[in-house]
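The listed protein sequences correspond, in order, to chains D and U. With this note's numbering as the guide, the letters of the first sequence map in order to residues 2 to 252. With this note's numbering as the guide, the letters of the second sequence map in order to residues 2 to 252.
There are 2 protein chains.
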Amino acid sequence: MTALETILQHKTIRKFKSDAIPEDILNSILEAGSRAATTGNMQVYSIIVTREQNIKNQLLPLHFGQKMIVEAPVVLTFCADFNRFIHWCNLRNANPGYDNFLSFMTAAIDALLAAQNCVVAAEHFGLGTVYLGTTTYTANKIIDVLKLPKGVVPITTVVIGYPDETPPLTDRLPMRAVVHYETYNAFDDSTINNLYSEKENSDEYKKFVTDSNVDNLAQVFTQKRYTKADNVAFSKVFLEVLQKQGFMNND
Amino acid sequence: MTALETILQHKTIRKFKSDAIPEDILNSILEAGSRAATTGNMQVYSIIVTREQNIKNQLLPLHFGQKMIVEAPVVLTFCADFNRFIHWCNLRNANPGYDNFLSFMTAAIDALLAAQNCVVAAEHFGLGTVYLGTTTYTANKIIDVLKLPKGVVPITTVVIGYPDETPPLTDRLPMRAVVHYETYNAFDDSTINNLYSEKENSDEYKKFVTDSNVDNLAQVFTQKRYTKADNVAFSKVFLEVLQKQGFMNND
């Protein structure tokens, strides 16, 4: 299967078999991650591979009990990581200026490009994957469990294993919702209505609205799934994490 | 070629032919981007496709004169974008709580996973790519050129075209520098020396040190390429961008 075919068939998997991932396949997936572009080839990211049940059990509540964490064989936590690079600079009489927000962004970008390469490589091997957005919500506690030192911040988590379900392709908005030509084309109200109409009229999402006991699909997001109160609370936690891990010395 | 082969052969390309990318190939690349996982399927990112010479000329100084911007046929700017989603919420009597830092991170993650899918898909078609880290440095001015409204922040830029050079694979640190098992394994000094020794002893990097007129490779980074002064200045700009684009209401 070509790279394009693998990418176009991507599905998020939430039910996994417990079968282990052979060591050579896991190593290929990690190597694929390491081939992603990185800023100035500094490689300012790290991948924490978790397979021990004991550590997965500690991660489980930090990912809000999403049981893929303990059911699938491998959990990869992708981290922005300037610790190694700063350590090297310090050993070479080089003054590292990487304790600021821009450096955090640089390192987060490295981590995320590596993560997506690992996902595509995993799917190449017939494995299934799911990203856990909860990583940024509870980064402070993940830091404790994974013993992440200063300069290291968890950005996203990918659970990998052999799929035990075959979901359909996820729906997407029409491409014109996402792609703008030359400059940004701000949408008027009727275009927004049009872009979201297929999604809003699908049976799957209508059931979602009914089950959530709200008026419409947008309210499922704002009142149930990604509320202002949660986002504000998680923002505070994450900004504190950046401070504590040494990325907010911006003067 | 399989996805794994495509990924393992990735090389950053900096010299491009001026040949246009056929419309169907560009569309496939963009569709590949749209198949990447996104948080809650909110698709809170956008891709700005720039092909007009006039706009590329405006982007050129913002990417520090890296001439791939004007030489290659296509420039893709990947943006964190909650504008569309917030607009939709507002039309549905749903109260969007997405003007905070956590939401920025969510949207930036969406943008970067899509970017890496586009890069892999482009390479599947025999195209070459280069990421421009300058995007975060001058985000304030890129916002003006690309007319990005509130809720939209440029995160990275990918230049795509047919390669006019065949560079070798980029060197990487040994995998044990990047991958940690179970928990983070902080390195001692001698391990850091060991991890960086191959790089420091390569002829390519030795020339880099001599040409930069510094003592060692780490100083090339700290004194020439990614200095503290630059990082601090860019951090201020980027944090101001987050404020201005409406992502710093964290109370």
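Note that the Cβ used here is the ideal one computed from N, Cα and C, for glycine as well.
Can you name the residues of chain U whose CB is closer than 9 Å to the CB of residue i?
| i | result |
| --- | --- |
| D:Ile48 | Val179, Val180 and His181 |
| D:Gly41 | Gly134, Phe222, Arg226 and Tyr227 |
| D:Gly216 | The displayed chain sequence assigns Asp, not Gly, to residue 216 of chain D. Within 9 Å Cβ-Cβ: Arg93, Asn94 and Ala95. |
In the DSSP assignment, find the unbroken beta strand (DSSP E) run with residue i in it and report its ends.
| i | result |
| --- | --- |
| U:Gly129 | Gly129 to Leu133 |
| U:Pro155 | Val153 to Gly162 |
| D:His181 | Val180 to Tyr182 |
Once DSSP output is grouped into helix, strand and coil, what is the label at residue i?
| i | result |
| --- | --- |
| D:Ala122 | helix |
| D:Leu113 | helix |
| U:Thr7 | helix |
| U:Thr78 | strand |
| U:Ile22 | coil |
| U:Phe83 | coil |
| D:Ile49 | strand |
| U:Phe17 | strand |
| D:Gly66 | coil |
| D:Glu166 | coil |
| D:Phe102 | helix |
| U:Met2 | coil |
| D:Lys12 | coil |
| U:Asn28 | helix |
| D:Leu218 | helix |
| U:Met1 | Residue 1 of chain U is absent from the structure shown; chain U starts at 2 and stops at 252. |
| D:Thr171 | coil |
| D:Thr39 | coil |
| U:Leu92 | helix |
| D:Ala108 | helix |
| U:Ala33 | helix |
| D:Gln44 | coil |
Check the Cβ of residue i against every Cβ in chain U and list those closer than 7 Å, keeping chain order.
| i | result |
| --- | --- |
| D:Lys148 | Thr184 and Tyr185 |
| D:Tyr163 | Residues of chain U passing the Cβ test: none, with the nearest at roughly 17 Å. |
| D:Ile22 | Under the 7 Å cutoff, chain U gives no residues; its nearest Cβ is about 14 Å from D:Ile22. |
| D:Arg15 | The contacting residues do not exist; D:Arg15 stays about 12 Å from chain U at best. |
| D:Met69 | What D:Met69 touches in chain U: nothing, since even the nearest Cβ is about 13 Å away. |
| D:Gln117 | Ala37, Leu114, Gln117 and Asn118 |
| D:His125 | Thr3, Ala4 and Leu5 |
| D:His88 | Phe188 and Ile193 |
| D:Thr137 | Leu103 and Met106 |
Could you spell out where the alpha helix (DSSP H) holding residue i opens and where it closes?
| i | result |
| --- | --- |
| D:Thr211 | Asp204 to Ser213 |
| D:Val146 | Ala140 to Val146 |
| U:Tyr197 | Asp190 to Glu201 |
| D:Asp231 | Lys229 to Lys245 |
| D:Gln59 | Gln54 to Leu63 |
Which whole-angstrom value is the C-beta distance of residue i and residue j, which I expect to be below 8 Å?
| i | j | result |
| --- | --- | --- |
| D:Ile8 | U:Ala122 | 6 Å |
| D:Ile156 | D:Ala81 | 6 Å |
| D:Glu72 | D:Phe126 | In fact, because the Cβ distance is near 18 Å, the residues do not count as touching under 8 Å. |
| U:Val120 | U:Thr130 | 5 Å |
| D:Phe239 | U:Met106 | 7 Å |
| U:His181 | D:Ser47 | 6 Å |
| U:Met69 | U:Val159 | So it is not a contact: roughly 10 Å between Cβ atoms. |
| D:Leu196 | D:Pro168 | Not really, about 23 Å apart at Cβ, beyond 8 Å. |
| U:Gly162 | U:Leu133 | At roughly 13 Å, the Cβ-Cβ gap does not stay under 8 Å, so U:Gly162 and U:Leu133 are not in contact. |
| D:Thr135 | D:His64 | 4 Å |
Quick one: list the residues of chain U neighbouring residue i, beta-carbon separation under 8 Å, in chain order.
| i | result |
| --- | --- |
| D:Val232 | Checking the displayed sequence, the identity of residue 232 of chain D turns out to be Asn instead of Val. Result: Gly98, Tyr99, Asn101, Leu103 and Ser104. |
| D:Ile56 | Glu183 and Thr184 |
| D:Glu32 | Leu9 and Met176 |
| D:Glu53 | Glu183 |
| D:Leu240 | Phe102 and Asn251 |
| D:Asn194 | Leu92 |
Find the residues of chain D that neighbour residue i, judging by a C-beta separation of less than 7 Å, and give them in chain order.
| i | result |
| --- | --- |
| U:Thr158 | Residues of chain D passing the Cβ test: none, with the nearest at roughly 11 Å. |
| U:Phe235 | Leu103 |
Residue i touches chain D at which residues, Cβ-Cβ below 8 Å?
| i | result |
| --- | --- |
| U:Gln44 | Arg173, Leu174, Ala178 and Val179 |
| U:Ile143 | Near U:Ile143 there are no residues of chain D at all, since even the closest Cβ is about 11 Å away, more than 8 Å. |
Is the CB of residue i under 7 Å away from at least one CB in chain A?
| i | result |
| --- | --- |
| U:Asp190 | Looking for chain A here will not work: the only protein chains present are D and U. |
Give the residues of chain D in contact with residue i, contact being defined as C-beta atoms less than 9 Å apart.
| i | result |
| --- | --- |
| U:Thr167 | Chain D residues near U:Thr167: none, gap ~17 Å exceeds 9 Å. |
Validate contact between the segment 45-57 of chain D and the segment 70-84 of chain D using beta carbons, cut 8 Å, 3 pairs: yes
Below 8 Å, how does it come out for the segment 137-154 of chain D and the segment 24-41 of chain D: are there three or more Cβ pairs, yes or no? no
Count the CB pairs spanning the segment 145-164 of chain D and the segment 83-91 of chain D that are closer than 8 Å, and state whether there are at least three. yes
Using a Cβ distance threshold of 8 Å, determine whether the segment 171-185 of chain U contacts the segment 110-120 of chain U, with at least three qualifying pairs required. no
On the three-pair Cβ rule with 8 Å, is the segment 95-104 of chain D touching the segment 199-211 of chain U? no
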